[in-house]
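Colleague: In my numbering, the protein residues as written are 1212 to 1618.
One structure is given below, represented as structure tokens, and several questions about it will come after.
Below is the structure:
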């Protein structure tokens, strides 16, 4: 299996360039983002293997915060240290954050037939990207009947129990099944199981990050309410939302609604308009916070308010990630943990397959024309090896053409 080992690691500048491209073209929500990451970083650039990538995905599914942004942060950390991690985070987050701030200032994005066709085309591209990821990861992570069965059961869990609970149950079942069913002889294990990703985070640094997370989580509400400063109140509200949500994406919406609508900082209609805009921009859904921080009646508002809200909502998930990475690598050295991770990796394939059907396929494909465009994009990716950005362009133009033909 030595041929699967990936040795190349990028510089911070290269990491920024790669993740900026991903931030500009990663439409379709967190599961689609992970598919884009795999296509660019595992398949094309070979910075990590599919197994290593799936290990990170499994870990980030268990942590509060935006799963796709946490995976990107960790990949940047592995590639170019802390500078690479910050470069990956900034580049992936910046495009959608800027678009959401512009929308908050009154820019009307994606109105009319052309705009709706563009959104439709981008959703169809996400179907092709995720289908490619499921196919590629299934080849590497479910090579036998046992792990293929784990993937099918995980997919059923994710489909029948929608949202984060279904995904967490799928991974837990994968972990348990891996422990009992995916053990291999010591000699085979040494050959097949790759070394953990290198992050350069010491246990002392990890403990410090966990301490900062806990201190902010417990101390911010007291400090914000006692001082009453708008900036602190805004930061605390978004920090608490980011610290309490598992799985990211749409799961954050009830917490944000409670934080800014119930408190009267943002009106219900403003909140819903911003949520609609997040569906039409690339990158992490957590950048919805930039829009809310811009228009909030509490805090400085504008660009500074957007920066506070973004820092608040992303910080807890990144602190927790830095805190657990040293422990994660220690666990992966043990044979029983390697068996557990095999099961978890198979479960990740099942979760991706479930997401491919719902909500990605069901929300994007509404007829034979949409299906044909998706099939074209899939063939371009898998058979013609077209780069994802090229397929994004073709798919978006195809969506516009279908919309214009349908008028």
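Where a beta carbon is used, it is the ideal one built from N, C-alpha and C, also for glycine.
Please tell me whether residue 1556 and residue 1257 are closer than 8 angstroms, where the distance is taken between their beta carbons.
Modeller: Taking the chain shown and counting its residues from 1, one reaches residue 1556 at position 345. Taking the chain shown and counting its residues from 1, one reaches residue 1257 at position 46. Contact flag unset, no.
Colleague: For residue 1514, which residues in the same chain have their Cβ closer than 8 angstroms to its Cβ, ignoring the five residues on either side in sequence?
Modeller: Taking the chain shown and counting its residues from 1, the one referred to as residue 1514 is at position 303. Counting only Cβ-Cβ distances below 8 angstroms, and skipping sequence neighbours, we find 1312, 1505.
Colleague: Which same chain residues end up closer than 8 angstroms to residue 1455 when comparing Cβ atoms and leaving out the 5 residues on each side of it in sequence?
Modeller: As a working mapping, residue 1455 is identified with position 244 in the chain shown. Same-chain partners within the cutoff: 1275, 1466.
Colleague: If you drop the 5 nearest sequence neighbours on each side, which residues of the same chain put their C-beta closer than 7 angstroms to that of residue 1550?
Modeller: The residue given as residue 1550 occupies position 339 in the chain shown. Taken in chain order, the residues that qualify are 1389, 1390, 1393, 1394.
Colleague: Three or more C-beta pairs under 8 angstroms: does that hold for the segment 1332 to 1342 against the segment 1601 to 1616?
Modeller: Yes, since at least three Cβ pairs between the segment 1332 to 1342 and the segment 1601 to 1616 fall closer than 8 angstroms, the two stretches touch.
Colleague: Rank 1337, 1273, 1381, 1307 by C-alpha distance to the C-alpha of residue 1248 and give the top, closest one.
Modeller: Here residue 1248 refers to the residue found at position 37 when the chain shown is read from its first residue. Of the listed residues, the one whose Cα sits closest to residue 1248 is 1337.
Colleague: Let me know if residue 1579 comes out buried or exposed under the rule of 16 or more other beta-carbons within 10 Å of its beta-carbon.
Modeller: Translated into positions along the chain shown, residue 1579 becomes position 368. Residue 1579 comes out exposed.
Colleague: Take residue 1479 and list the residues in its own chain whose beta-carbon comes closer than 6 angstroms to its own, dropping the five residues that flank it on each side.
Modeller: In the chain shown, residue 1479 corresponds to position 268, counting from 1. Within the same chain, residue 1479 has close Cβ partners 1472.
Colleague: Consider the C-beta atom of residue 1436 and the heavy atoms of the ligand ATP; say whether any pair is separated by less than 7 angstroms.
Modeller: Summarising the ligand content, the structure contains no ligands, and the ligand ATP is consequently not present.
Colleague: Out of 1482, 1568, 1291, 1593, which one is the CA nearest neighbour of residue 1373?
Modeller: In the chain shown, counting from the first residue as 1, residue 1373 sits at position 162. Among 1482, 1568, 1291, 1593, the Cα nearest to that of residue 1373 is on 1568.
Colleague: For residue 1607, report the span of its alpha helix (DSSP H) as first-last.
Modeller: Along the chain shown, one-based indexing puts residue 1607 at 396. Counting along the chain, the alpha helix (DSSP H) containing residue 1607 begins and ends at 1599 to 1617.
Colleague: Quick check for students: name the residue ranges of the alpha helix (DSSP H) that lie wholly in the segment 1227 to 1305, counting only runs of 4 or more.
Modeller: Segments of the alpha helix (DSSP H) lying fully in the segment 1227 to 1305: 1241 to 1248, 1261 to 1273.
Colleague: One question on the structure: do residue 1340 and residue 1278 come within less than 8 angstroms of each other, judged by their Cβ atoms?
Modeller: Taking the first residue of the chain shown as 1, we reach residue 1340 at position 129. Taking the first residue of the chain shown as 1, we reach residue 1278 at position 67. No, the pair does not count as a contact, with Cβ atoms beyond the cut-off.
Colleague: Whose CA, out of 1532, 1259, 1592, 1593, lies closest to the CA of residue 1421?
Modeller: The residue you call residue 1421 lines up with position 210 of the chain shown. Out of 1532, 1259, 1592, 1593, 1532 has the C-alpha closest to the C-alpha of residue 1421.
Colleague: Would you decide whether residue 1577 is buried or exposed? Buried here means 16 or more other CB atoms lie within 10 Å of its CB.
Modeller: The sequence position of residue 1577 within the chain shown is 366, counting from 1. Burial call: exposed.
Colleague: Assign residue 1376 to one of three DSSP states: helix, strand, or coil.
Modeller: Walking along the chain shown from the start, residue 1376 turns up at place 165. Three-state DSSP puts residue 1376 in a helix.
Colleague: The alpha helix (DSSP H) that contains residue 1499, what's its start and end?
Modeller: Locating residue 1499 in the chain shown gives position 288, where the first residue counts as 1. Taken as a continuous stretch (DSSP letters only), the alpha helix (DSSP H) holding residue 1499 covers 1499 to 1506.
Colleague: Near residue 1500, what residues of its chain come up, given a Cβ to Cβ distance below 6 angstroms and the 5 sequence neighbours on each side ignored?
Modeller: Locating residue 1500 in the chain shown gives position 289, counting from the first residue. If we look at residue 1500 and ignore the five residues flanking it on each side, its Cβ neighbours are 1449, 1520, 1521, 1524.
Colleague: In terms of residue numbering, what span does the alpha helix (DSSP H) encompassing residue 1490 cover?
Modeller: For the purposes of this step, residue 1490 is taken as residue 279 along the chain shown, with counting starting at 1. That residue, residue 1490, is in no alpha helix (DSSP H); it is neither H nor E in DSSP.
Colleague: Three Cβ pairs or more, each shorter than 8 angstroms: is that satisfied between the segment 1406 to 1418 and the segment 1527 to 1541?
Modeller: Segments in contact, yes.
Colleague: Given this structure, state the Cα-to-Cα distance separating residue 1425 from residue 1327, to the nearest angstrom.
Modeller: Stepping through the chain shown from its first residue, residue 1425 is reached at position 214. Stepping through the chain shown from its first residue, residue 1327 is reached at position 116. Cα to Cα, residue 1425 sits roughly 43 angstroms from residue 1327.
Colleague: CA-CA distance, residue 1309 and residue 1546?
Modeller: Counting from one through the chain shown, the residue named residue 1309 turns up at place 98. Counting from one through the chain shown, the residue named residue 1546 turns up at place 335. Going from the Cα of residue 1309 to the Cα of residue 1546 covers about 45 angstroms.
Colleague: Quick check on the DSSP output: the alpha helix (DSSP H) that includes residue 1451 runs from which residue to which?
Modeller: Indexing the chain shown from 1 puts residue 1451 at position 240. Start and end: 1441 to 1455.
Colleague: Report the three-state DSSP secondary structure of residue 1221 (helix, strand or coil).
Modeller: On the chain shown, residue 1221 is found 10 positions in, with the first residue counted as 1. Correct three-state label for residue 1221: coil.
Colleague: For residue 1362 and residue 1428, what's the separation of their Cα atoms in angstroms?
Modeller: One-based indexing of the chain shown puts residue 1362 at position 151. One-based indexing of the chain shown puts residue 1428 at position 217. Distance between the alpha carbons of residue 1362 and residue 1428 is about 36 angstroms.
Colleague: State the DSSP-derived secondary structure class of residue 1580, mapped to helix, strand or coil.
Modeller: Taking the first residue of the chain shown as 1, we reach residue 1580 at position 369. In the structure shown, residue 1580 sits in a helix (DSSP, three-state: H, G or I).
Colleague: What residues in its chain sit with their C-beta under 7 angstroms from that of residue 1222, if we drop five residues either side in the sequence?
Modeller: For the purposes of this step, residue 1222 is identified with residue 11 of the chain shown, where counting begins at 1. So the list reads 1291, once near-sequence residues are dropped.
Colleague: Just to confirm the assignment, what range does the alpha helix (DSSP H) spanning residue 1317 have?
Modeller: To locate residue 1317, count along the chain shown from 1; it is residue 106. Where residue 1317 is concerned, there is no enclosing alpha helix (DSSP H), given that its DSSP letter is neither H nor E.
Colleague: Within the same chain, show all residues whose beta-carbon is closer than 6 angstroms to that of residue 1601, passing over the 5 residues directly before and after it, in chain order.
Modeller: The count along the chain shown starts at 1 and reaches residue 1601 at position 390. None.
Colleague: Would you kindly check if the distance between the Cβ of residue 1306 and the Cβ of residue 1494 is under 8 angstroms?
Modeller: Numbered from its first residue, the chain shown carries residue 1494 at position 283. Numbered from its first residue, the chain shown carries residue 1306 at position 95. Against a cut-off of 8 angstroms, the Cβ pair of residue 1306 and residue 1494 comes out as a contact.
Colleague: By the three-class DSSP mapping on this structure, what secondary structure does residue 1408 have?
Modeller: Position 197 of the chain shown, counted from the start, is the residue given in the question as residue 1408. The answer is coil: DSSP assigns residue 1408 none of H, G, I, E or B.
Colleague: Residue range of the alpha helix (DSSP H) that residue 1518 falls in?
Modeller: Working through the chain shown from its first residue, we reach residue 1518 at position 307. Unbroken alpha helix (DSSP H) run through residue 1518: 1513 to 1542.
Colleague: Name the two residues that bound the continuous alpha helix (DSSP H) containing residue 1368.
Modeller: Locating residue 1368 in the chain shown gives position 157, where the first residue counts as 1. Run containing residue 1368: 1356 to 1371, per the alpha helix (DSSP H) assignment.
Colleague: Is DSSP giving residue 1334 helix, strand or coil here?
Modeller: In the chain shown, counting from the first residue as 1, residue 1334 sits at position 123. In this structure, residue 1334 counts as helix in the three-state DSSP scheme.
Colleague: For residue 1234, which residues in the same chain have their Cβ closer than 8 angstroms to its Cβ, ignoring the five residues on either side in sequence?
Modeller: Walking along the chain shown from the start, residue 1234 turns up at place 23. Around residue 1234: 1302, 1303, 1304, 1305, 1306, 1307, 1493, 1494.
Colleague: Less than 8 angstroms between C-beta atoms, sequence neighbours within five positions excluded: which residues of the same chain meet that for residue 1581?
Modeller: Position 370 of the chain shown, counted from the first residue, corresponds to residue 1581. Hits under 8 angstroms: 1331, 1335, 1575, 1613.
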